[in-house]
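Sequential numbering from 2 applies to the sequence shown in our numbering.
For every residue, glycine included, the Cβ atom is placed at its ideal position computed from N, Cα and C.
Note that the structure is a prediction, hence the values are computed from the model and not measured.
Notes to accompany the following structure.
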Amino acid sequence: MSDPTALPSFPPPADEHPLRGLVIDALQDLGLEPNLDKEGDVAFTANDQQMFVRCLESEVKIMRVFGQWQLADPVPQDKVMQLSVCNDVNLSMTMVKTGIGNDALVVTSEHLVTDTTAVKNLVSVSVQITLATVQQWHERIMKLAERIAEQRRAAADATAGDGDDRPDAVAGDAASADDGSEGESRE
2 MSDPTALPSF
12 PPPADEHPLR
22 GLVIDALQDL
32 GLEPNLDKEG
42 DVAFTANDQQ
52 MFVRCLESEV
62 KIMRVFGQWQ
72 LADPVPQDKV
82 MQLSVCNDVN
92 LSMTMVKTGI
102 GNDALVVTSE
112 HLVTDTTAVK
122 NLVSVSVQIT
132 LATVQQWHER
142 IMKLAERIAE
152 QRRAAADATA
162 GDGDDRPDAV
172 AGDAASADDG
182 SEGESRE
């Protein structure tokens with residue numbers, strides 16, 4: 002007798018959860034290997050990234066494709082910066098939303114499913130746009146971090162240059178003193 006915990010997780014019959022059954026079929030057609038996790042979500046790996054589909058099957062059918070990515074170096078750990086980038090992405094994208102929870106980036110793509118024949122296309126597009134959004138979020142936060150670092154360097158350079166011991170400060174004073182106002186004192 003083999004160990005029952007080693008057996009694969011077989012999905013329930015499609016008529017028990019029709020939308021989830023269609024999602025599993027769509028993922029298999031896309032060459033992905035879906036499994037059910039302990040929460041009943043469909044788990045799969047796309048482009049080496051763990052992702053999930055949650056199907057809400059009530060009067061209104063909703064399909065939610067999502068993933069979570071831990072935020073570690075070199076991603077800035079500043080929560081305000083992270084949430085600012087989430088806000089920018091949310092305002093610029095139509096089919097996805099991003100958020101931060103438990104030091105992880107969460108990206109979701111949610112759809113009302115009104116036509117079951119469109120599930121395969123919805124799954125395919127949702128997976129692609131979710132992964133593209135993760136990449137876009139990372140690009141944006143790294144650019145924002147670079148821009149902030151440049152601003153801080155410029156501010157530090159300006160602060161360091163406030164002393165009169167710089168040669169250009171003395172030359173600047175001399176140039177402003179020679180402004181054609183002979184004989185006037187500057188006090």
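Spatial neighbours of residue i within its chain, please: C-beta separation below 7 Å, excluding the five flanking residues on both sides.
i: residue 121; result: 27 and 30
i: residue 24; result: 43, 54, 56, 64, 120 and 124
With DSSP as the reference, label residue i as helix, strand or coil.
i: residue 33; result: coil
i: residue 133; result: helix
i: residue 125; result: helix
i: residue 83; result: helix
i: residue 23; result: helix
i: residue 110; result: strand
i: residue 96; result: coil
i: residue 46; result: strand
i: residue 120; result: helix
Here's the rule I'm using: 16 or more other beta-carbon atoms within 10 Å means buried, otherwise exposed. How should residue i be labelled?
i: residue 79; result: exposed
i: residue 127; result: buried
i: residue 124; result: buried
i: residue 167; result: The predicted model places residue 167 with a pLDDT of 48, which falls under 50 and marks its position as unreliable; any figure quoted below should be read in that light. Per the 10 Å Cβ criterion, exposed.
i: residue 136; result: exposed
For residue i and residue j, what's the separation of their Cα atoms in angstroms?
i: residue 151; j: residue 111; result: 37 Å
i: residue 59; j: residue 104; result: 32 Å
i: residue 70; j: residue 132; result: 11 Å
i: residue 33; j: residue 66; result: 14 Å
i: residue 139; j: residue 100; result: 13 Å
i: residue 43; j: residue 22; result: 10 Å
i: residue 115; j: residue 76; result: 39 Å
i: residue 35; j: residue 51; result: 11 Å
Could you pull out every residue in the same chain whose Cβ sits closer than 6 Å to the Cβ of residue i, ignoring the five residues on either side in sequence?
i: residue 53; result: 42, 44 and 67
Please list, in chain order, all residues of the same chain as residue i whose beta carbon is under 8 Å from its beta carbon, the five residues on each side excluded.
i: residue 82; result: 142, 145, 146 and 149
i: residue 89; result: 141
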